[in-house]
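Down below is the structure, laid out as structure tokens.
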Ligand code: NAD
Ligand code: MG
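In our numbering, the protein residues as written are -19 to 361.
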């Protein structure tokens, strides 16, 4: 199988390449794209020999061209570069391990070029799911979930195609601040927020896990991937991250996928679907584990989840405003410019100021993102 990877130097990207390394007879990496880490990208090029690689800035691209001039690889830059990687003639699957709405255009281009999508980049589905899902159907391409919860749901739907799903039970760890009050969240630091209890991930999604915005994005992601209504997606806090999500059927049966937390499992599952392959690592030991506990999410303190249900139900351009405002707010939180709870405030400010577009085109989604950017700059910078 030939794959291309957007975001190869990130958390999901590097783990995708670990899978490619373990199964080098089956997986050929034909193209890679990264933001700015050309040191790691060069190593990846030397190990996997893609024919094409992209970095965001032309300046970095030029630097990288010099570094790899002994190799037969074309180096491209910018959005055109991402689009070239996404649509490269040879590849069968595009792994979207890039972070943020920047993934929208390359994902769409890849679908139109007939590539199956192993989707980690949830921001794309949250903002453009109404365009992407029908398009995937039209072009007969598969959207294979990489997000662990959605992979668990996907696995729990196996062989149940004709059965009606009553509820999707999306599990959440609750993040590093589970159990805290609003008062206690006022002064948390970036370092506190980056300490996720169970998963090691990129910075943006780690902050999103602390605010529960990530779970909110995942509720919307589930709606698009599995065609369910918001009333039928329930978030269950399961702090040990052992149950990766569950599906309840009409007869009350609940099917779940469990395992030790390791993103290589959903990555592999997406790449080799419907086959399962050996994955090295710890197995669950129920004797040692003793208990798995459950809680209800605290949506009043962690407003991210409540707002996500709200914008999801409103639809149109509202999820775009929610997502874009969150991306810009998290960027500022990580730089120490705003406090943790101000992330919610920025999201609310943008939602309140927005006039909804009912069925936004890609262009309108990107314009809405820009509108959010300008609004935040004018109000907060
Ligand atoms: P990350 O920050 O670790 O990696 C992001 C990658 O995108 C990097 O390779 C970066 O260079 C690249 N990138 C960023 N901007 C770019 C640009 N302008 N041009 C080209 N490349 C660019 O992020 P991550 O944690 O791997 O997450 C990636 C996506 O997967 C996100 O949408 C996240 O929500 C989703 N996801 C991640 C995990 C996880 O365990 N990390 C789990 C589930 C879903
Ligand atoms: Mg997840």
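Glycine included, C-beta positions come from ideal geometry on N, C-alpha and C.
In this text, all values refer to a predicted model and were calculated from it rather than measured experimentally.
Can you pull the DSSP bridge partners for residue i?
| i | result |
| --- | --- |
| residue 14 | 35 |
| residue 8 | -18 |
| residue 225 | 237 |
| residue 214 | 149 |
| residue 98 | 75 and 124 |
DSSP state of residue i, grouped into three classes?
| i | result |
| --- | --- |
| residue 337 | coil |
| residue 147 | strand |
| residue 54 | strand |
| residue 275 | strand |
| residue 234 | strand |
| residue 360 | helix |
| residue 264 | coil |
| residue 82 | helix |
| residue 40 | helix |
| residue 130 | helix |
| residue 181 | coil |
| residue 299 | helix |
| residue 200 | helix |
| residue 110 | helix |
| residue 140 | coil |
| residue 315 | coil |
| residue 352 | helix |
| residue 249 | helix |
| residue 306 | helix |
| residue 281 | coil |
| residue 323 | helix |
| residue -12 | coil |
| residue 195 | helix |
| residue 208 | coil |
| residue 290 | helix |
| residue 166 | coil |
| residue 28 | helix |
| residue 369 | Because the chain spans -19 through 361 in this model, residue 369 falls outside it and cannot be assessed. |
| residue 48 | coil |
| residue 69 | coil |
Cutting at 6 Å between CB atoms, please list the residues of its own chain near residue i, excluding the five before and the five after it.
| i | result |
| --- | --- |
| residue 179 | 241 |
| residue 173 | 187 and 190 |
| residue 297 | 336, 337, 340 and 348 |
| residue 20 | -11 |
| residue 144 | 230 |
| residue 320 | 165 and 168 |
| residue 38 | 57 |
| residue 0 | 7 and 9 |
| residue -8 | 77 and 100 |
Might you give, ordered along the chain, the residues of its own chain that have their beta carbon closer than 7 Å to the beta carbon of residue i, omitting 5 neighbours on each side?
| i | result |
| --- | --- |
| residue 73 | -19, -17, 95, 96, 98 and 251 |
| residue -2 | 244 |
| residue 133 | 148, 202, 206, 225 and 227 |
| residue 107 | 81, 84, 299, 300, 303 and 345 |
| residue 62 | -14, 13, 34 and 86 |
| residue -4 | -15, 75, 77 and 247 |
| residue 313 | 170, 187, 320 and 323 |
| residue 327 | 287, 302, 305, 306 and 309 |
| residue 235 | 136, 226 and 227 |
| residue 213 | 148, 150, 199, 202 and 203 |
| residue 121 | 91, 94, 95, 96 and 97 |
Here's a check: name, in chain order, each residue in its chain whose Cβ is nearer than 8 Å to the Cβ of residue i, leaving out the five neighbours to either side.
| i | result |
| --- | --- |
| residue 31 | 10, 11, 52, 53, 54, 68 and 70 |
| residue 274 | 216, 217 and 218 |
| residue 209 | 203 |
| residue 176 | 153, 155, 156, 186, 189 and 190 |
| residue 272 | 218, 220, 222 and 223 |
Taking three-plus beta-carbon pairs below 8 Å as touching, is the region 187 to 198 in contact with the region 281 to 289?
As far as the Cβ criterion goes, the region 187 to 198 touches the region 281 to 289, which means the pair count is three or higher.
May I ask you to verify whether the region 115 to 133 touches the region 90 to 99, counting CB pairs closer than 8 Å and requiring at least 3?
yes
Starting from the N-terminal end, write out each residue whose C-beta falls within a distance shorter than 6 Å of any non-hydrogen atom of the ligand MG.
127, 128, 129 and 198
Is it a yes or a no for the region 295 to 303 touching the region 149 to 157, going by three-plus beta-carbon pairs under 8 Å?
no
For the 8 Å Cβ check, are there 3 or more pairs between the region 158 to 175 and the region 266 to 284?
The region 158 to 175, when compared against the region 266 to 284, does touch it at the 8 Å Cβ threshold.
Across the region 16 to 28 and the region 39 to 52, are there enough close Cβ pairs to call them in contact, namely three or more that are closer than 8 Å?
With a cut-off of 8 Å, the region 39 to 52 and the region 16 to 28 count as touching, because enough Cβ pairs lie within range.
Evaluate contact between the region 136 to 153 and the region 208 to 221, counting only Cβ atoms and requiring at least three cross-stretch pairs below 8 Å.
Touching, yes, given that three or more Cβ pairs across the two stretches are closer than 8 Å.
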